Amino acid sequence: MKPAPFEYHRAYTPKEVTELLLELGEDAKILAGGQSLVPMMNFRLARPTALVDINPVSGLDYIRRDGDVLRVGALTRHRSVELSTEPDVHNGFSVLPGAARWIGHFPIRSRGTVGGSIAHADPTAEWCLLARLYDAEIVVLGEHGTRTVPSDEWFTGFLTTAALPGELVLETRFRRPRRHGTLLEYARRRGDFAIAAVAVAFDITDNRCHDVSMVLGGVANEPLRVPEAEAYLEGAEPGERAWAEAARLAAEAVTPGTGPDDGDHGYRRHLVGTLARRALAEAQAGPAGPRPRGGAS
Amino acid sequence: MKDQHLVTLTVNGREHELVLESRRTLADTLRQELGLTGTHLGCEHGICGACTVLLDGEPVRACLVFGVQADGREIRTVEGLADGDELNDLQQAFSRHHGLQCGFCTPGFLMLAEAYLAGGGSADPGEVREVVSANLCRCTGYQGIVEAVTEVAARRREQAAKAHD
Ligand SMILES: Cc1cc2nc3c(=O)[nH]c(=O)nc-3n(C[C@H](O)[C@H](O)[C@H](O)COP(=O)(O)OP(=O)(O)OC[C@H]3O[C@@H](n4cnc5c(N)ncnc54)[C@H](O)[C@@H]3O)c2cc1C
Ligand code: FES
Ligand code: FES
Numbered sequence: 056m057k058p059a060p061f062e063y064h065r066a067y068t069p070k071e072v073t074e075l076l077l078e079l080g081e082d083a084k085i086l087a088g089g090q091s092l093v094p095m096m097n098f099r100l101a102r103p104t105a106l107v108d109i110n111p112v113s114g115l116d117y118i119r120r121d122g123d124v125l126r127v128g129a130l131t132r133h134r135s136v137e138l139s140t141e142p143d144v145h146n147g148f149s150v151l152p153g154a155a156r157w158i159g160h161f162p163i164r165s166r167g168t169v170g171g172s173i174a175h176a177d178p179t180a181e182w183c184l185l186a187r188l189y190d191a192e193i194v195v196l197g198e199h200g201t202r203t204v205p206s207d208e209w210f211t212g213f214l215t216t217a218a219l220p221g222e223l224v225l226e227t228r229f230r231r232p233r234r235h236g237t238l239l240e241y242a243r244r245r246g247d248f249a250i251a252a253v254a255v256a257f258d259i260t261d262n263r264c265h266d267v268s269m270v271l272g273g274v275a276n277e278p279l280r281v282p283e284a285e286a287y288l289e290g291a292e293p294g295e296r297a298w299a300e301a302a303r304l305a306a307e308a309v310t311p312g313t314g315p316d317d318g319d320h321g322y323r324r325h326l327v328g329t330l331a332r333r334a335l336a337e338a339q340a341g342p343a344g345p346r347p348r349g350g351a352s
Numbered sequence: 042m043k044d045q046h047l048v049t050l051t052v053n054g055r056e057h058e059l060v061l062e063s064r065r066t067l068a069d070t071l072r073q074e075l076g077l078t079g080t081h082l083g084c085e086h087g088i089c090g091a092c093t094v095l096l097d098g099e100p101v102r103a104c105l106v107f108g109v110q111a112d113g114r115e116i117r118t119v120e121g122l123a124d125g126d127e128l129n130d131l132q133q134a135f136s137r138h139h140g141l142q143c144g145f146c147t148p149g150f151l152m153l154a155e156a157y158l159a160g161g162g163s164a165d166p167g168e169v170r171e172v173v174s175a176n177l178c179r180c181t182g183y184q185g186i187v188e189a190v191t192e193v194a195a196r197r198r199e200q201a202a203k204a205h206d
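Chains as they are written, first to last, in our numbering: chain A, 56 to 352; chain B, 42 to 206.
The structure is reproduced here in C-alpha cells:
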C-alpha cells in the first residue's frame, strides 16, 4: 500500500525541527529512520499531513562517554551501536552493542535510529528496555528550550511518551554503568519484535550482587521494572539458587491484562521465567561483548 | 495540491533529474519513474526485503525510504550488478547453487548480500544465515542462497588478500 499525501520538509538544525513542527501544527511528524513510521504510513495507520525529515540534522549522531554517563545522540543508527567497540565508551554499558543485534535485521539496523526507537516507545523495543535498565534520562528540545525527562516518567503507555507535541528527542543518557549485564529475548522468527524480553544489570563485589536492575519487555504497555526481583537480588550470593528465585519473582510480575495482547499471559510468564534465569547466569559469566544472537532459542 | 520536489538521483552511476511527489517511495521511484523494475515490492512494510537496494552503500528497504530522501545520493540496484550480458560473481553463484526458483525475492537477496560482501563479510555460514534472515524467500528454503553467498564471500576475501600482497 502507499502512504497518503503529505508535505515534505528538511531540517538542518534541531532548532529548525522544532520551529517547523510548531509552524506545521499537530499533524506534522518527525521522520528519522522511518523504520516504524513509514510502515504505519504505508498501512495508513498513520496519516501525518507533513513530515520533518531530521536525517540532514548534523551533530545528533554520536556515542560519547561522560564520566558515568553514556550519551547517545538521537540520530545514531542501531548499527553504529552494534559495531562500536570503544572500550572507553562501553565499559559498564557492554549490554548495548549486544542488544543492538536483536533489533530487526542488517538493513533495519542500518537505517533505524536510537532516538526514533525511544520516541516510538514500543514496549518490546531494545532501546526502551535498556533506557529503563540504566535509569536513562531523555533530553528533548521544545519550543521553550531543552528539558530532561527520567525514563521512569518517559514511557506513559503503549507507543506513548511524555514528549509534548513539537518536541524533538536530542539524546538518551544511559546512567549507572555496571559490570554485568545482558539482554535476552524470544521471538518466533529472527528479527521480529520479541514476544518477551528480559534485561538485567548488576555488579558483583565480595561475592554479593549489588545495584541490580531488571526490566521485562512485551509483558506490559511499557518496559516493566521488577522491583521485587531487584530487592531480592540485592546482597544475594550470585548463583543458580538466586537466579531461580529472581526468575520466579520476574515471572510473577507478568499478570493478566498487562500485556499488549491479553490472551497468552501464561505463555509470556513462562518465557519470562526462563529468559530471566538465563540472562542472570549469562550476565554473571562476564560482560557481554558483541556476540552471535540466538541465546534464547 | 501535490507536494512535489525536484531531485537528483544517481542510480547505478547514472544521474537522473526527477520531479517527485513526496509520498513516492524510493522503490516506486525506481520502478515507475525510471523503469527499473528489478527492484521488487512484496509487502511494502519492511518485512520481506524484496525491495532492498543500496543507498550510499548501505542496504535499505526501498519501500521505507521516500524518493525525495535520496536526493543527491547514490543508489545501486540489481540492474547495476551485471556487466552487459555477463552476470557478476554473486549472480552466477546464485544460479549455480539454485539460490532462486521463482526469482521474486532474488534482487533483494542479491543487494543485501552485496552490502554484506562490500563490508568484508565473513564466509562463516552461520553469519551468512543470520544476514540473509533479513529477507524472505518462499521457494528455495534458503540453503542455496546461504551456499552462494558463503562461496562468494570466501572468494572475494581471497581476492582481496591477494590484491593486498
Ligand atoms: C522488519 C522490521 C523489524 C524491526 N524489528 C525491531 C526490533 O526487533 N526491535 C526494535 O526495537 N525495533 C524494531 N524495528 C523498528 C526499528 O527499530 C525502528 O528503527 C525504530 O523503532 C524507530 O526508529 P526510526 O529512526 O526508524 O524512527 P521513525 O520510524 O522515523 O519514527 C518513529 C516515531 O518516532 C518519532 N521520532 C523519530 N525520531 C524522533 C526524535 N528524534 N524525536 C522525537 N520523535 C521522533 C517519529 O515521529 C515517529 O512517530 C523493526 C522495524 C522493521 C521494519
Ligand atoms: S517490499 Fe519492502 S520490505 Fe517488503
Ligand atoms: S525464489 Fe521464489 S521467493 Fe525466493
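Even glycine gets a Cβ: it sits at the ideal position worked out from N, Cα and C.
Small disclaimer: the values here were computed from a predicted structure and weren't measured.
Notebook entry, point to check: Would you call F150/B buried or exposed, if buried means 16 or more other Cβ atoms sit within 10 Å of its Cβ?
Noted result: buried
Item checked: Per DSSP, cross-strand counterpart(s) of L95/B -> P100/B, R117/B
Note to self: Please report the straight-line C-alpha distance between A242/A and D206/B, rounded to a whole angstrom.
What the structure shows: 45 Å
Item checked: Pocket of ligand 3 (residues with CB nearer than 5 Å to any heavy atom), chain order -> L141/B, Q142/B, C143/B, F145/B, C146/B, C178/B, R179/B, C180/B
Next item on the list: Considering only heavy atoms of ligand 2, list every residue whose Cβ is less than 6 Å from one of them, following chain order.
Entry: L82/B, G83/B, C84/B, E85/B, G87/B, I88/B, C89/B, G90/B, A91/B, C92/B, R102/B, C104/B
Margin query: Mapping the DSSP letters down to three states, classify A351/A as helix, strand or coil.
Written below: Interpretation of A351/A is limited by its pLDDT of 31, a score under 50 that renders its predicted location unreliable; no figure is taken from the coordinates.
Margin query: Going by DSSP in three states, Y322/A sits in which element: helix, strand or coil?
Written below: helix
Note to self: Please report the straight-line C-alpha distance between V190/B and A286/A, rounded to a whole angstrom.
What the structure shows: Rounded to whole angstroms, V190/B to A286/A spans 49 Å at the Cα level.
Checklist line | Contact residues within the segment 94–128 of chain B, judged by C-beta distance below 8 Å to chain A | finding: E99, P100, V101, R102, C104, L105, V106, F107, V109, Q110
Next item on the list: Flag C264/A as yes when its Cβ comes closer than 8 Å to any non-hydrogen atom of ligand 1, and as no otherwise.
Entry: no
Notebook entry, point to check: Under 7 Å Cβ-Cβ, which residues of chain A neighbour S174/B?
Noted result: H160, R245, G246
Margin query: Can you confirm whether the segment 215–229 of chain A touches the segment 182–201 of chain A when touching is taken to mean that 3 or more C-beta pairs between the two stretches lie within less than 8 Å?
Written below: yes
Notebook entry, point to check: Using a C-beta to C-beta distance shorter than 8 Å, which residues of chain B count as neighbours of S139/A?
Noted result: Within chain B, no residue comes near S139/A; the closest Cβ sits about 15 Å away, beyond 8 Å.
Next item on the list: Would you decide whether N146/A is buried or exposed? Buried here means 16 or more other CB atoms lie within 10 Å of its CB.
Entry: It is exposed - the Cβ of N146/A has fewer than 16 other Cβ atoms within 10 Å.
Notebook entry, point to check: Shorter than 9 Å from the beta carbon of G79/B to some beta carbon of chain A?
Noted result: no
Next item on the list: Pull up the distance between the alpha-carbon of A176/A and that of V48/B, whole angstroms please.
Entry: 33 Å
Next item on the list: Flag L223/A as yes when its Cβ comes closer than 8 Å to any non-hydrogen atom of ligand 1, and as no otherwise.
Entry: Annotation for L223/A indicates a beta carbon within 8 Å of some heavy atom of ligand 1.
Margin query: Alpha carbons only, please: which of R134/A, T104/A, F148/A is nearest the one belonging to R120/A?
Written below: F148/A
Next item on the list: Taking only the alpha-carbon atoms, compute the straight-line gap between V187/B and S268/A and give it to the nearest angstrom.
Entry: Linking V187/B to S268/A through their CA atoms gives a straight-line distance of about 39 Å.
Checklist line | Which listed residue (L96/B, V109/B, G79/B) has its alpha carbon closest to that of E62/B | finding: E62/B has its Cα closest to that of V109/B, out of L96/B, V109/B, G79/B.
Next item on the list: Just the C-alpha distance for A284/A and G294/A, rounded to the nearest angstrom, thanks.
Entry: 14 Å
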